[in-house]
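Numbering (the numbering used here), first residue to last: 34 to 422.
A virtual CB, placed ideally from N, CA and C, is assigned to each residue, including glycine.
Worksheet: the structure to be examined is printed underneath.
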Amino acid sequence: MGFLKERTARFYLAAGLCAAAVVAVSVLIHTRAATRFLPEGPEVLRVSTGTFTSSLDAALKAEGLGDSERYRVSQALRGKLDLRRLRPQDSYSVSFSTSGALLSLSVKRDLRDYYVLPSSGGYSVSVRQAEIKSSSAKASGEITSSLWESMSAAGVPPAVILDYADIFSWSVDFLTEVRDGDRWAVAWNYGSDPSGRAVSQSVAAAYYDGTETGRKTAAAYAGGYYDEQGDSLRSMFLRAPLHYRRISSYFTNHRFHPVLKIFRPHQGIDYAAPAGTPVSAVADGTVIYSGWKGANGRLVILRHGSGYESTYGHLSRIAKGARKGRRVAQGDLIGNVGSSGLSSGPHLDFRVKLNGTPLNFLKMKYRSSGSVSGNAKASIAAAIRALGE
Numbered sequence: 034m035g036f037l038k039e040r041t042a043r044f045y046l047a048a049g050l051c052a053a054a055v056v057a058v059s060v061l062i063h064t065r066a067a068t069r070f071l072p073e074g075p076e077v078l079r080v081s082t083g084t085f086t087s088s089l090d091a092a093l094k095a096e097g098l099g100d101s102e103r104y105r106v107s108q109a110l111r112g113k114l115d116l117r118r119l120r121p122q123d124s125y126s127v128s129f130s131t132s133g134a135l136l137s138l139s140v141k142r143d144l145r146d147y148y149v150l151p152s153s154g155g156y157s158v159s160v161r162q163a164e165i166k167s168s169s170a171k172a173s174g175e176i177t178s179s180l181w182e183s184m185s186a187a188g189v190p191p192a193v194i195l196d197y198a199d200i201f202s203w204s205v206d207f208l209t210e211v212r213d214g215d216r217w218a219v220a221w222n223y224g225s226d227p228s229g230r231a232v233s234q235s236v237a238a239a240y241y242d243g244t245e246t247g248r249k250t251a252a253a254y255a256g257g258y259y260d261e262q263g264d265s266l267r268s269m270f271l272r273a274p275l276h277y278r279r280i281s282s283y284f285t286n287h288r289f290h291p292v293l294k295i296f297r298p299h300q301g302i303d304y305a306a307p308a309g310t311p312v313s314a315v316a317d318g319t320v321i322y323s324g325w326k327g328a329n330g331r332l333v334i335l336r337h338g339s340g341y342e343s344t345y346g347h348l349s350r351i352a353k354g355a356r357k358g359r360r361v362a363q364g365d366l367i368g369n370v371g372s373s374g375l376s377s378g379p380h381l382d383f384r385v386k387l388n389g390t391p392l393n394f395l396k397m398k399y400r401s402s403g404s405v406s407g408n409a410k411a412s413i414a415a416a417i418r419a420l421g422e
């Protein structure tokens, strides 16, 4: 029996009792279940485990259950478990008596165990929440090729790497500003289910110390991330309103217009990108204009706090959520890159004004969206210092 890769399951029958008391053991595996026969005791039990490659009905049919019994089991589970949403990562454990009678069924899905046991005239179902074990970890390293490769080599889970990049996305461009020799560190908390699978992960503290970027720090507090000075890492503005290939025109007061063939001011940034590229709001705000506007083509204008406005021109389409009067959040879809209006090719004409005065967006200083002080600031600083311990 030692060659089988299942956990041992033993069921003891109490002498003098008319019915067997059975505890179902649910084991998560990634291939079709192996079957084990345990010869001990007055009755031999068969225990089989597996994952769902199709449906519960198909799995139970493969285990040898008849049509009537499969129907009764499914009916018992309905209302407690959506059988249409079972996935390959969900698992089951089923046990039988040597006569072929179903003694128990356990289905594990979304950190819950659904136990099905025979009862008078049918089956009863009980649901238990899986116990989650909380743990923490940290890692650090030096860049030799890319942030992803360096962190992966140090054992940082992919989800944590992505969260790390998101946390610093307002102050670090990990595509263009990473240099060999830059250093990083991250501490994260995670929860794992009884099988040891990580089911939740969150960054607790981090730093990035780069040649181009300088030292950037972060620690979690009250649902956000703050640096050692207590300033939120979430900037009032995104670094760019879209993923672009290049900047085709910069902010200038003397630009040769590619269509009109004359020199005139261009008080915005032209981001060249394929037609259809999603365009996002750079900050929270309200839509004050949405529609066609002459040479600008399809245009959206947002009003933000503190006297700021941003405009998005030459769009191929305007998102439904960007109609006039709507509130939008930073990162919400505004529309898609196009070449509407007076344009020589697909790009986004993006502009920012402060109290009516045009600003060069690429030279705007980082503006934190908030800050904390006192004990909160002290705990954040302590979490960041602990990265070096």
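Buried or exposed (CB count within 10 angstroms, at least 16 for buried), residue i
i      : result
Arg248 : exposed
Ser370 : As written in the sequence, residue 370 is Val, which differs from the Ser given in the question. So Val370 counts as buried.
Ile165 : exposed
Glu342 : buried
Leu381 : buried
Pro191 : exposed
Ser404 : exposed
Lys141 : buried
Lys396 : exposed
Arg384 : buried
Gly368 : buried
Val160 : exposed
Tyr283 : exposed
Ala66  : Unreliable positioning characterises Ala66 in this predicted model, as indicated by a pLDDT of 34, which lies under 50. A coordinate reading is not provided.
Asp143 : exposed
Leu114 : buried
Ser126 : buried
Val137 : Per the sequence shown, the amino acid found at residue 137 is Ser instead of Val. The residue in question, Ser137, is buried, as its Cβ has 16 or more Cβ neighbours within 10 Å.
Thr250 : buried
Gly174 : buried
Gly421 : exposed
Leu208 : exposed
Ala318 : Residue identity differs from the one stated: residue 318 is Gly in this sequence, not Ala. By the neighbour-count rule (16 or more Cβ atoms within 10 Å), Gly318 is buried.
Ala238 : buried
Thr84  : buried
Gly301 : buried
Inter-residue CB distance, residue i and residue j (contact presumed, cutoff 8 Å)
i      : j      : result
Ala328 : Gly257 : About 41 Å; that fails the 8 Å criterion.
Gly346 : Leu332 : 5 Å
Lys357 : Tyr304 : Actually they are not in contact, since the Cβ atoms of Lys357 and Tyr304 sit about 24 Å apart, beyond 8 Å.
Trp221 : Ser169 : 7 Å
Leu93  : Arg103 : 5 Å
Gly364 : Leu271 : 7 Å
Ser124 : Thr86  : That belief does not hold up - the Cβ atoms of Ser124 and Thr86 are roughly 11 Å apart, past 8 Å.
Thr177 : Asp213 : 6 Å
Ala253 : Ser235 : 7 Å
Leu78  : Ser139 : Actually they are not in contact, since the Cβ atoms of Leu78 and Ser139 sit about 14 Å apart, beyond 8 Å.
Ser88  : Leu119 : 7 Å
Ala314 : Leu335 : 6 Å
Residue i - containing alpha helix (DSSP H), residue span
i      : result
Asn408 : Gly407 to Arg418
Enclosing beta strand (DSSP E) for residue i [first to last residue]
i      : result
Tyr322 : Gly318 to Trp325
Phe383 : His380 to Leu387
Ala305 : Ile302 to Ala305
Thr423 : A query on residue 423 cannot be resolved here, the shown segment of the chain reaching from 34 to 422 and no further.
Pro391 : Thr390 to Leu392
Glu342 : Tyr341 to Ile351
Asn369 : Leu366 to Val370
Arg331 : Arg331 to Arg336
Pro311 : Pro311 to Ser313
Tyr258 : Gly257 to Tyr259
Arg356 : Looking at the DSSP string, Arg356 is not in any beta strand (DSSP E), and its letter there is neither H nor E.
Arg279 : Arg279 to Ser282
Any chain C beta carbon closer than 7 Å to residue i
i      : result
Asn369 : Protein chain content of the structure displayed is limited to a single chain, and chain C is not contained in it.
Which residue spans inside the region 71 to 157 form an unbroken alpha helix (DSSP H) run of at least 4? 89 to 95 and 100 to 110
At which residue ranges does the region 163 to 234 contain complete beta strand (DSSP E) runs of 3 or more residues, listed in the order of the chain? 166 to 175 and 216 to 225
Stretch-stretch touch, CB-based, cutoff 8 Å, three pairs: the region 227 to 245 with the region 305 to 324: Too few Cβ pairs lie closer than 8 Å, so no.
Any contact of the region 209 to 223 with the region 179 to 187, i.e. 3+ C-beta pairs under 8 Å? yes
Are there three or more Cβ pairs, one per stretch, closer than 8 Å when the region 197 to 209 is compared with the region 257 to 275? A contact is defined here as three or more CB-CB pairs under 8 Å, and the region 197 to 209 meets this definition with respect to the region 257 to 275.
The region 138 to 153 touching the region 108 to 127, judged by at least three CB pairs closer than 8 Å: With the cut-off at 8 Å, the region 138 to 153 and the region 108 to 127 touch.
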